[in-house]
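First residue of the sequence shown: 113, per the working numbering; consecutive thereafter.
Glycine included, C-beta positions come from ideal geometry on N, C-alpha and C.
These numbers come from a predicted model, not from an experiment.
Data block below; observations after.
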Amino acid sequence: MQPETIETAMNGIEGLFQVAAVYKSWARDPEEEIINPSIIGGINALKAARNANVKKVIFTSSTAAVGRSGPGGRALTEADWNSASKHPYSYAKTEAEKRAWEYAEAVDMNVVVINPTAVIGPYFHRHTPSTLLFDKILKGELKSLPPQTFGYVDVRDVALGHILAYENENSEGRHILCTQCVDGFELMDLIEEINPELKVPRKIEPMWKIRLFARLEATRAIFGHTPRITPQTVKEYLGKITNYDSSKAKGVLGWNPMDLKDSIRDTMNWIRHNLS
Numbered sequence: 113m114q115p116e117t118i119e120t121a122m123n124g125i126e127g128l129f130q131v132a133a134v135y136k137s138w139a140r141d142p143e144e145e146i147i148n149p150s151i152i153g154g155i156n157a158l159k160a161a162r163n164a165n166v167k168k169v170i171f172t173s174s175t176a177a178v179g180r181s182g183p184g185g186r187a188l189t190e191a192d193w194n195s196a197s198k199h200p201y202s203y204a205k206t207e208a209e210k211r212a213w214e215y216a217e218a219v220d221m222n223v224v225v226i227n228p229t230a231v232i233g234p235y236f237h238r239h240t241p242s243t244l245l246f247d248k249i250l251k252g253e254l255k256s257l258p259p260q261t262f263g264y265v266d267v268r269d270v271a272l273g274h275i276l277a278y279e280n281e282n283s284e285g286r287h288i289l290c291t292q293c294v295d296g297f298e299l300m301d302l303i304e305e306i307n308p309e310l311k312v313p314r315k316i317e318p319m320w321k322i323r324l325f326a327r328l329e330a331t332r333a334i335f336g337h338t339p340r341i342t343p344q345t346v347k348e349y350l351g352k353i354t355n356y357d358s359s360k361a362k363g364v365l366g367w368n369p370m371d372l373k374d375s376i377r378d379t380m381n382w383i384r385h386n387l388s
């Protein structure tokens with residue numbers, strides 16, 4: 113995404129929502145396919161916005177740039193950064209946001225950042241890493257649960273958060289959007305309440321098995337296969353208690369997300385009717 117190719121699209125606008133990023137966990141060339149598009153694409157969008165005299169930019173980052181777990185399960189806030197991650201997606205989102213802040217400060221640009229957790233809900237036309245789990249459950253392919261706690265937010269609430277941040281004259285800095293963090297058992301309880309006919313897994317997969325499987329998948333990737341999980345993903349996501357504090361978005365922006373159960377219901381219904 114080159115600045116000159118998008119500057120004309122910004123003529124006459126007052127606000128920009130920069131929402132584009134590559135959302136995948138693995139690539140044969142992570143720097144070229146995941147990292148650079150996020151970092152360079154983000155900066156190019158900001159440069160084009162500045163050249164077009166755009167007054168305010170809402171920049172979509174992620175809780176991947178915030179981190180995965182605090183000591184003792186402490187809820188992570190906007191003050192936290194995922195600075196040590198080597199996971200391609202997390203590294204890309206962290207560096208893209210840091211560069212955006214550096215650029216905004218250097219040119220005195222009004223940038224506000226949104227940091228959503230895993231985004232689910234309807235209206236998608238291909239799966240993301242966040243929705244694949246629900247697809248596997250619907251197909252009866254998920255036999256055990258990963259040892260992790262995960263935060264979810266509905267895509268409609270993410271859109272609302274962006275609009276609220278743009279319309280609020282006092283919005284500044286980062287804003288975590290997380291409806292609820294749940295572990296595997298809690299997630300299965302919700303899915304079972306929505307779809308009692310589904311057979312959901314109730315067994316946690318041991319970490320040693322997952323690590324071994326990830327190493328085997330990494331070996332297969334050398335011979336041209338796309339790995340189903342990578343050692344970096346295991347290190348980044350699994351075996352951690354994830355918790356996020358969305359009080360800033362709720363207090364400053366007036367953000368009030370829908371119930372997670374409703375979001376899961378809509379996600380699974382969308383998959384049934386549109387992607388099955």
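Contact annotation, R286 with M221: C-beta distance approximately 15 Å; criterion of less than 8 Å not satisfied. Here the region 261 to 268 makes contact with the region 290 to 301; the two share three or more CB pairs at distances below 8 Å. Residue state for L365 is assigned as helix, using DSSP reduced to three classes. For D295, the enclosing beta strand (DSSP E) starts and ends at Q292 to D295. In terms of Cβ geometry, A187 and N355 form a close pair [threshold 8 Å]. Per the C-alpha coordinates, the member of L365, G363, Y135 and Y349 positioned closest to H239 is Y135.
Take E207, set aside five residues on each side of it, and the residues of its chain with a beta-carbon closer than 6 Å to its own are I151, in chain order. By the Cβ rule, the region 219 to 236 counts as touching the region 157 to 173, because three or more pairs are nearer than 8 Å.
Distances from the CA of P241 to each of S137, E145 and D192 were compared; the closest alpha carbon is that of S137. Following the DSSP letters along the chain, one finds T261 in no alpha helix (DSSP H) but inside the beta strand (DSSP E) bounded by residues T261 to D266. A contact is defined here as three or more CB-CB pairs under 8 Å, and the region 353 to 370 meets this definition with respect to the region 266 to 286. Taking C-beta atoms as the reference points, T379 and T229 fail to come closer than 8 Å. In chain order, G252 place their CB closer than 8 Å to the CB of K311, counting only its own chain and leaving out the 5 sequence neighbours on each side. The bridge partners DSSP lists for F171 are Q130 and V225. S358 and C290 do touch by the CB rule: their CB atoms are close to 5 Å apart, below 8 Å. Residue burial annotation: M319 is exposed, with fewer than 16 other C-beta atoms found within 10 angstroms of its C-beta. For the region 138 to 225, the full-length beta strand (DSSP E) segments reaching 3 residues or more read 168 to 172 along the chain.
Straight through space, the alpha carbons of S375 and R268 are spaced by roughly 9 Å.
Of the residues V231, I155, K255 and A160, the one whose Cα lies closest to the Cα of W213 is I155. Per the C-alpha coordinates, the member of P149, L250 and A191 positioned closest to E309 is L250. Collapsing the DSSP output to three states places Y278 in a helix. In this structure, I288 sits near N227, with a CB-CB distance shorter than 8 Å. Within the model, the alpha-carbon separation for I147 versus N282 is close to 31 Å. Leaving aside the five residues that flank M370 on each side, the residues in its chain whose CB is nearer than 8 Å to its CB run, in chain order, D266, R268, D269 and T291. For A121, there is no enclosing beta strand (DSSP E), since its DSSP letter is neither H nor E.
Here V131 really is in contact with T172; their C-beta atoms are around 4 Å apart, less than 8 Å.
Counted as a single uninterrupted DSSP element, the alpha helix (DSSP H) harbouring L372 occupies residues L372 to N386. Excluding sequence positions up to five before and after G273, its CB lies within less than 8 Å of the CB of I226, P228, H287, L289, A361, L365 and W367, all in the same chain and listed in chain order.
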